[in-house]
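The structure under discussion appears below in the form of structure tokens.
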Amino acid sequence: MNKLIVLALLLIITGLACSNNDPITDGHVGATEPTALSPVYASSSTFADGGTVKGVANSDSLSIDGIQGGIRVSGTGTISVEPDVAVLEIGVEVFAPKVSMARSEASKSMDSVISTIKKLGVEEKDIQTTRFNIYPRYDYEETTINGNRIGTQVLTGYTVSNTVKAKIFEVDQVGEIIDSAADAGGDYVRINGVDFTVDDPNPYKTTIRKMAVEDAVNKAQEYALLTNVELGPIISLDEMGAGSIQSPYEADYGMRMMAAAPTTSISSGQLEVSLSVNTLFAIK
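Residues 0 to 283 in numbering that gives the first Met the number 0 are what the sequence shown lists, from first letter to last.
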């Protein structure tokens, strides 16, 4: 009897323990209560320039969307200056049946050209070889073989060309130097052009920088007035084409007329030294 009582008590205790471990249900079999999640909050605020900052609770990072607003304008400063340097590109070109013959004649002609311009004041350090080429020349011939006309290339010789650039600081002597060099080199001489420039544009940069910034400020003020907004301070400034030098015309125009004139007349004219800036102004 005692054993039966003990066994009954054990069964009751076991049943009570199992009932305490059962999952809480809402009346449907197998449906467990959903686990609660921590809420995540997002916030958004807008700047005056249209950008938006978005944040997440419990987060240390921020992301900024949108492009910074403002007035973007460019400004340009330009002045006209007298060139103080001429760069002459002069070469020789010789054709001969053999490479050695063409090269020898080209060398003699170029030596005469360089020697002549040195005597007229051009220094050795201001003379630089820019191109030297040797290439074959072919003629196209047609022959008849078994009644068929066949075109073939026939080697006729070789062309040697040699080109140098010379910086001439006495701009008013350019015409004289060209004439003397052409006479010294003979019919082999080729004048490829002459460019005028400024040896050192740096002294002009302060002036054109001021002009470029003033131009940008004037444009920004005009746009602010037209759009009925108040112009704020400058946010960024980028310099473009610092001290670029341009000629308003073809400097080698006179070279094409050289053969028709007893002496070569070269006019240096004026050059334009320019600089541009890109700016961004804030709007108050």
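By construction, the Cβ of each residue, glycine as well, lies at the ideal position given by its N, Cα and C atoms.
Predicted, not measured: the structure shown is a model, and the values here were computed from it.
* Can you have a look at Ser235 and say buried or exposed, based on whether 16 or more other CB atoms are within 10 angstroms of its CB? => So Ser235 counts as exposed.
* Buried or exposed: which applies to Ile214, given that a residue is buried once 16 or more other Cβ atoms fall within 10 Å of its Cβ? -> Note that residue 214 is Asp in the sequence shown, not Ile. So Asp214 counts as buried.
* Just the Cα atoms here: how many angstroms apart are Val39 and Gly74? -> Note on Val39: pLDDT 34, under 50, position unreliable in the model; no value is reported.
* Can you tell me the Cα-Cα spacing of Ala267 and Glu88, whole angstroms? -> Position check: residue 267 holds Ser in this sequence, whereas Ala was assumed. Answer to the nearest angstrom: the Cα atoms are 15 Å apart.
* Asked: Whose C-alpha, out of Gly192, Met239, Tyr139, Tyr157, is nearest the C-alpha of Lys204?
  -> Checked all of Gly192, Met239, Tyr139, Tyr157; the closest Cα to Lys204 is Met239.
* Asked: Got a sec? Which residues, its chain only, sit under 8 Å from Thr155 by beta carbon, not counting five neighbours each side?
  -> Correct list, in chain order: Pro96, Arg136, Tyr137, Asp138.
* Inter-stretch contact at 8 Å, needing at least 3 Cβ pairs: the segment 106-118 / the segment 190-207 -> The segment 106-118, when compared against the segment 190-207, does not touch it at the 8 Å Cβ threshold.
* In whole angstroms, what separates the C-alpha of Ile70 from that of Asn227? -> Cα to Cα, Ile70 sits roughly 12 Å from Asn227.
* To do: Starting from Val272, follow the beta strand (DSSP E) in both directions and report where the run begins and ends.
  => Val272 -> beta strand (DSSP E) spans 270-282.
* To do: Write down the C-beta distance between Ile244 and Thr196 rounded to the nearest angstrom, noting that I regard them as a contact closer than 8 Å.
  => With 8 Å as the limit, Ile244 and Thr196 qualify as a contact, their Cβ atoms being about 6 Å apart.
* For the segment 92-135, which segments carrying the alpha helix (DSSP H) assignment without a break, of at least 4 residues, lie completely within its bounds, in sequence order? -> Runs found: 98-118.
* To do: For Thr143, collect the residues of the same chain with a Cβ closer than 8 Å to its Cβ; drop the 5 residues on either side in sequence, then sort them by chain order.
  => Excluding residues up to 5 positions away in sequence, Ile149 lie with their Cβ nearer than 8 Å to the Cβ of Thr143 in the same chain.
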